[in-house]
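Asks: Numbering (the numbering used here), first residue to last: 56 to 674.
All C-beta atoms, glycine included, are put in the ideal place defined by N, C-alpha and C.
Here the structure is a predicted model, which is why all the values come from computation and not from measurement.
My structure is below; once you've seen it, I'll send some questions.
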Amino acid sequence: MLEKIREGSQGPIAKIILGAVILSFALTGVYSYLGSNAEQLAAEVNGEEISRYDLDQAFQQEQQRMRAQLGEMFDSLAADANYMSGLRQSVLDRLIAERLLDQKVAEMGLRVSDAQVQQAIVQMPEFQVDGRFDNDRYQAVLRQSGLNGPRLAALLRQDLSRQQLMNGLLGSEFTTAPEVTSLAQLLQQTRDFRYVTVGAEAFRDQVSVDAAEVEAYYNDNPMEFVQPEQIRASYVELSVTDMAGQFDVTDEEAQQYYDAQSVHYTQPERRLAAHMLFEGDDAKARAEAALARVRAGEAFADVAKEASDDSFTAENGGELDWMSPGTMDPQFDTALFGLAQGEVSDVIETDFGFQLVQAKAIAEKTVRPFAEVKAEIVETLKTDKAQREFYALQQTLADVSFEVPDSLVEAAKAVNAEVKETALFSRNTAPTPFDDPRVQSAAFSDSVLLDGMNSDLVEVDNGHVLVLRVEEHIEQGTLPLDQVRGDIEQRLLNEKASALAEEQAEQVLTQWQQGSEPEAVIELDAVPRMGTAELDPALVQHIFKMVPADTGARFETTPLTNGDIAVVALDQVNLPSEVDNAAQLQSQLTQQLSEAGYQALLESLRAEASILYLAGNKQ
Numbered sequence: 056m057l058e059k060i061r062e063g064s065q066g067p068i069a070k071i072i073l074g075a076v077i078l079s080f081a082l083t084g085v086y087s088y089l090g091s092n093a094e095q096l097a098a099e100v101n102g103e104e105i106s107r108y109d110l111d112q113a114f115q116q117e118q119q120r121m122r123a124q125l126g127e128m129f130d131s132l133a134a135d136a137n138y139m140s141g142l143r144q145s146v147l148d149r150l151i152a153e154r155l156l157d158q159k160v161a162e163m164g165l166r167v168s169d170a171q172v173q174q175a176i177v178q179m180p181e182f183q184v185d186g187r188f189d190n191d192r193y194q195a196v197l198r199q200s201g202l203n204g205p206r207l208a209a210l211l212r213q214d215l216s217r218q219q220l221m222n223g224l225l226g227s228e229f230t231t232a233p234e235v236t237s238l239a240q241l242l243q244q245t246r247d248f249r250y251v252t253v254g255a256e257a258f259r260d261q262v263s264v265d266a267a268e269v270e271a272y273y274n275d276n277p278m279e280f281v282q283p284e285q286i287r288a289s290y291v292e293l294s295v296t297d298m299a300g301q302f303d304v305t306d307e308e309a310q311q312y313y314d315a316q317s318v319h320y321t322q323p324e325r326r327l328a329a330h331m332l333f334e335g336d337d338a339k340a341r342a343e344a345a346l347a348r349v350r351a352g353e354a355f356a357d358v359a360k361e362a363s364d365d366s367f368t369a370e371n372g373g374e375l376d377w378m379s380p381g382t383m384d385p386q387f388d389t390a391l392f393g394l395a396q397g398e399v400s401d402v403i404e405t406d407f408g409f410q411l412v413q414a415k416a417i418a419e420k421t422v423r424p425f426a427e428v429k430a431e432i433v434e435t436l437k438t439d440k441a442q443r444e445f446y447a448l449q450q451t452l453a454d455v456s457f458e459v460p461d462s463l464v465e466a467a468k469a470v471n472a473e474v475k476e477t478a479l480f481s482r483n484t485a486p487t488p489f490d491d492p493r494v495q496s497a498a499f500s501d502s503v504l505l506d507g508m509n510s511d512l513v514e515v516d517n518g519h520v521l522v523l524r525v526e527e528h529i530e531q532g533t534l535p536l537d538q539v540r541g542d543i544e545q546r547l548l549n550e551k552a553s554a555l556a557e558e559q560a561e562q563v564l565t566q567w568q569q570g571s572e573p574e575a576v577i578e579l580d581a582v583p584r585m586g587t588a589e590l591d592p593a594l595v596q597h598i599f600k601m602v603p604a605d606t607g608a609r610f611e612t613t614p615l616t617n618g619d620i621a622v623v624a625l626d627q628v629n630l631p632s633e634v635d636n637a638a639q640l641q642s643q644l645t646q647q648l649s650e651a652g653y654q655a656l657l658e659s660l661r662a663e664a665s666i667l668y669l670a671g672n673k674q
């Protein structure tokens, strides 16, 4: 048989077929190369490309930001594919908006000086230690972020340029005093009213519910009685945080760590710098003239305000910020750290132009003493010891739980831990740590749920893992009628009693309108829009929806949250004689107008732009 196949493969027909196959693969390869560029793009904005890489990076950063802000709640959201798809689209829309703004900035010729960028860097809290710029921290953050100095400067320059545009736009918004007063009066008004309650409980004896009504309600509202899938689980977990308390650290170990890591407890010498920047063909001459004025006795700050081309710092007398060695250009650094306090350098030439540098103040190098940092060193060493033990034990936990897949007892013994158990829970009522999406995914997986096996090792968080198994499983289904019959009966009785109370309330309303005020009327004056703790929110909400009568009181009925019915008489609307917090309200209104202006700008830019969504990024 094989020989016949071999012989057939050498025939002319087989060669034709083989050639066609090879040609199809070749053409597929060519087309894939030809189309690869489009596949790598997410969108084009007026011909400017947004790559998929840019989108992926921005999407990842947005996820990190939201995870830091929302914590475990974001992990639950991340398990929803539709939510994550919408989030990715919103990130792409933001990138498009940024490109539109950048193009507008370029069109308007807005620019940011190098000194402004430098000052923005030294003022960023991410690079500060104890409120001051720290060069070691700066370098460490850049490494962690995958950035370098020039790339960060370019990003900041771009962002500051956008801010110039936005400040010009948003700074033009304002709110008039009559607008503020009108809104404040609306928000701060109070209302005088009277009301009486017709209780539904008084009619409970007059109503009844039969089995047919209960069954009809059960059949008509099946979604109210769905019982979600539930499990009861056991698990063994390892946590570095919990394990750290089991270790001791000697004074000698702490001292050795302090000596080895002394650089982390040292604050290098820092200097408060000021400068003047001169650009253009006559920059050096103007710099020397400014230096001569300072040498003649004029204050450096006064000369900087008048002569420096760096308008951003000139307003503050040329002052930059506290700086450590290595923060600025080598020429700037050499000049700054070669000065005594208060001295001014000669004219220096840097990549930004000609500059004068002043050392306004000097903070000497400081070292935090061992006694001050001992406690945090001890905690660090405990965590380090626990971390080493943790990695060894987590492998043991993974191995033993796999080797003995139908129980966690042996795995718990192997890592000197206990087998913990949960009560029954659903996906929406899961206790910690089963509220983590990764743990839920393992708990409700086929191998664990249906086959009764131990789960794989699940990483809940950095330094926190567990293995679990399901001890009891209840599938999703509708709760039986007998189990919910009592709840349905009470609900129907309440509805019928409330309906009778409504009929009684209408009679009270009619009599009250005719001049016969009911007994036990409650009279309230100057009730604010937010109500009071004693009043039913539904009552207050209805009172502030009512339109005052032209003369006399306005009468209406409204249901309360407990099923009772209130008959109300709105007597008067009171406007405040003086407006409180007008300045704060005006600021809020202006902010709202600014946000509306920003959105209008984006909509205008979008309407005029050519935006092409690629690779299925826009549905």
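Any idea what DSSP makes of R154, helix, strand or coil?
Replies: Within the sequence shown, numbered from 1, the residue matching residue 154 stands at position 99. R154 falls in the helix class under three-state DSSP.
Asks: Between which two residues does the alpha helix (DSSP H) containing Y273 stretch?
Replies: Counting from one through the sequence shown, the residue named residue 273 turns up at place 218. Where Y273 is concerned, the enclosing alpha helix (DSSP H) stretches over 266–275.
Asks: Starting from P385 and walking both ways along the alpha helix (DSSP H), at which residues does that stretch end?
Replies: Locating residue 385 in the sequence shown gives position 330, where the first residue counts as 1. Element bounds for P385: 385–391.
Asks: I'd like the list of long-range same chain contacts for D619, defined as Cβ closer than 7 Å, with 5 residues on each side in sequence excluded.
Replies: The residue you call residue 619 lines up with position 564 of the sequence shown. Only T252, V253, G254, A255, A556 meet the Cβ criterion.
Asks: Return the CA-CA distance between F599 and Q119, expressed in angstroms with no decimal places.
Replies: For this step, residue 599 is matched to residue 544 along the sequence shown. For this step, residue 119 is matched to residue 64 along the sequence shown. Rounded to whole angstroms, F599 to Q119 spans 43 Å at the Cα level.
Asks: I'd like the list of long-range same chain contacts for Q115, defined as Cβ closer than 8 Å, with 5 residues on each side in sequence excluded.
Replies: Numbered from its first residue, the sequence shown carries residue 115 at position 60. Nothing meets the Cβ criterion.
Asks: Do you know how far the Cα of P323 is from the Cα of Q310?
Replies: Mapped onto the sequence shown, residue 310 falls at position 255. Mapped onto the sequence shown, residue 323 falls at position 268. Cα to Cα, Q310 sits roughly 21 Å from P323.
Asks: So Q171 packs on L207, CB below 8 Å; how close in whole Å?
Replies: As a working note, residue 171 is residue 116 in the sequence shown. As a working note, residue 207 is residue 152 in the sequence shown. Actually they do not touch by this definition, with Cβ atoms about 14 Å apart.
Asks: By DSSP, does Q569 sit in helix, in strand, or in coil?
Replies: If you number the sequence shown from 1, residue 569 lands on position 514. Coil, per DSSP.
Asks: Relative to the alpha-carbon of T438, which residue among S200, A485, G518 has its alpha-carbon at the smallest distance?
Replies: Walking along the sequence shown from the start, residue 438 turns up at place 383. Looking from the CA of T438, the closest CA among S200, A485, G518 belongs to G518.
Asks: Buried or exposed for V318, please, with buried defined as at least 16 other CB atoms from any protein chain shown within 10 angstroms of its CB.
Replies: Here residue 318 corresponds to residue number 263 of the sequence shown, with the count starting at 1. Label assigned to V318: exposed.
Asks: What residues in its chain sit with their C-beta under 8 Å from that of T230, if we drop five residues either side in the sequence?
Replies: Sequence index remark: in the sequence shown, residue 230 carries index 175 (1-based). Here the set comprises Q641, L644, T645, L648.
Asks: Where does the unbroken beta strand (DSSP E) through P233 begin, and where does it stop?
Replies: Numbered from 1 along the sequence shown, position 178 holds the residue referred to as residue 233. Not the beta strand (DSSP E): P233 falls in the alpha helix (DSSP H), residues 232–243.
Asks: Might you give, ordered along the chain, the residues of its own chain that have their beta carbon closer than 7 Å to the beta carbon of L630, omitting 5 neighbours on each side?
Replies: Walking along the sequence shown from the start, residue 630 turns up at place 575. Cβ neighbours of L630 beyond the five flanking positions: Q240, Q244.
Asks: Name the residue from R546, V433, A430, N471 whose alpha carbon lies nearest to the alpha carbon of E268.
Replies: Counted from its first residue, the sequence shown places residue 268 at position 213. Closest option to E268, Cα to Cα, is R546.
Asks: Looking at C-beta atoms only, is the number of pairs between the stretch 602–617 and the stretch 577–584 that lie closer than 8 Å three or more?
Replies: no
Asks: Which residues does DSSP list as the beta-bridge partners of A624?
Replies: Counting from 1 along the sequence shown, the entry for residue 624 is found at position 569. Bridge partners of A624: R249, F610.
Asks: Within 10 angstroms of the Cβ of E292, are there 16 or more other Cβ atoms? Answer buried if so, exposed if not.
Replies: As a position in the sequence shown, residue 292 is number 237, starting the count at 1. Label assigned to E292: buried.
Asks: State the CB to CB distance for the pair P283 and Q531, rounded to an integer number of angstroms; the pair is presumed to be in contact (CB under 8 Å).
Replies: As a first step, residue 283 must be located in the sequence shown, where it is residue number 228. As a first step, residue 531 must be located in the sequence shown, where it is residue number 476. 6 Å between Cβ atoms; contact.
Asks: Would you please state the rounded distance, in angstroms, between the beta carbons of K159 and L660? I believe it to be under 8 Å.
Replies: By 1-based counting over the sequence shown, the position of residue 159 is 104. By 1-based counting over the sequence shown, the position of residue 660 is 605. Contact flag correct, Cβ pair sits at about 6 Å.
Asks: Considering only DSSP beta bridges, list what M331 is partnered with.
Replies: Within the sequence shown, numbered from 1, the residue matching residue 331 stands at position 276. DSSP lists L411 as partners of M331.
Asks: Quick one: what does DSSP say E308 is sitting in, helix, strand or coil?
Replies: One-based indexing of the sequence shown puts residue 308 at position 253. In this structure, E308 counts as helix in the three-state DSSP scheme.
Asks: Among Q95, M139, V100, which one has its Cα closest to the Cα of E663?
Replies: In the sequence shown, residue 663 corresponds to position 608, counting from 1. It is V100 whose Cα lies nearest to the Cα of E663.
Asks: Looking at the secondary structure, which residues open and close the beta strand (DSSP E) in which S106 lies?
Replies: For the purposes of this step, residue 106 is taken as residue 51 along the sequence shown, with counting starting at 1. Taken as a continuous stretch (DSSP letters only), the beta strand (DSSP E) holding S106 covers 103–106.
Asks: Identify every residue that forms a DSSP beta bridge with I286.
Replies: Residue mapping note: residue 286 aligns to position 231 of the sequence shown, counting from 1. F480, H528, per the DSSP bridge assignment.
Asks: What would DSSP say about N371, mapped onto helix, strand or coil?
Replies: Working through the sequence shown from its first residue, we reach residue 371 at position 316. Coil at N371, not helix or strand.
Asks: Any idea what DSSP makes of L78, helix, strand or coil?
Replies: For this step, residue 78 is matched to residue 23 along the sequence shown. Low confidence applies to L78: its pLDDT is 40, below 50, so where it sits in the model is not reliable, and the reading given next is rough at best. Looking at L78 - three-state DSSP - the assignment turns out to be helix.
Asks: Can you tell me whether DSSP reads Y205 as helix, strand or coil?
Replies: Position 150 of the sequence shown, counted from the first residue, corresponds to residue 205. Reading off the sequence shown, one finds Pro at residue 205, where the question assumed Tyr. P205 falls in the helix class under three-state DSSP.
Asks: Just the Cα atoms here: how many angstroms apart are D157 and L147?
Replies: As a position in the sequence shown, residue 157 is number 102, starting the count at 1. As a position in the sequence shown, residue 147 is number 92, starting the count at 1. Taking the straight line from one Cα to the other gives about 15 Å.
Asks: Whole angstroms is fine: what's the gap from A356's alpha carbon to Y653's?
Replies: Within the sequence shown, numbered from 1, the residue matching residue 356 stands at position 301. Within the sequence shown, numbered from 1, the residue matching residue 653 stands at position 598. Between A356 and Y653, the C-alpha separation is close to 37 Å.
Asks: Quick one: grab the DSSP three-state call for L293.
Replies: For this step, residue 293 is matched to residue 238 along the sequence shown. Note: L293 maps to strand in three-state DSSP.
Asks: So D626 and D247 are supposed to be a Cβ contact under 8 Å. How far apart are they, rounded?
Replies: The residue you call residue 626 lines up with position 571 of the sequence shown. The residue you call residue 247 lines up with position 192 of the sequence shown. With a Cβ gap of about 4 Å, D626 and D247 count as contacting.
Asks: Could you tell me which of Q449, M128, M221, E104 sits nearest to A651, measuring between CA atoms?
Replies: By one-based count along the sequence shown, residue 651 stands at place 596. Nearest of Q449, M128, M221, E104 to A651, Cα basis: M221.
Asks: Once you ignore the five residues that flank G90 on each side, which residues in its own chain have a CB closer than 6 Å to its CB?
Replies: Along the sequence shown, one-based indexing puts residue 90 at 35. Confidence at G90 is low in this model, with a pLDDT of 42, below 50, so its placement is unreliable and no value can be given for it.
Asks: Helix, strand or coil for K475 per DSSP?
Replies: In the sequence shown, residue 475 corresponds to position 420, counting from 1. If DSSP states are grouped into helix, strand and coil, K475 belongs with the strands.
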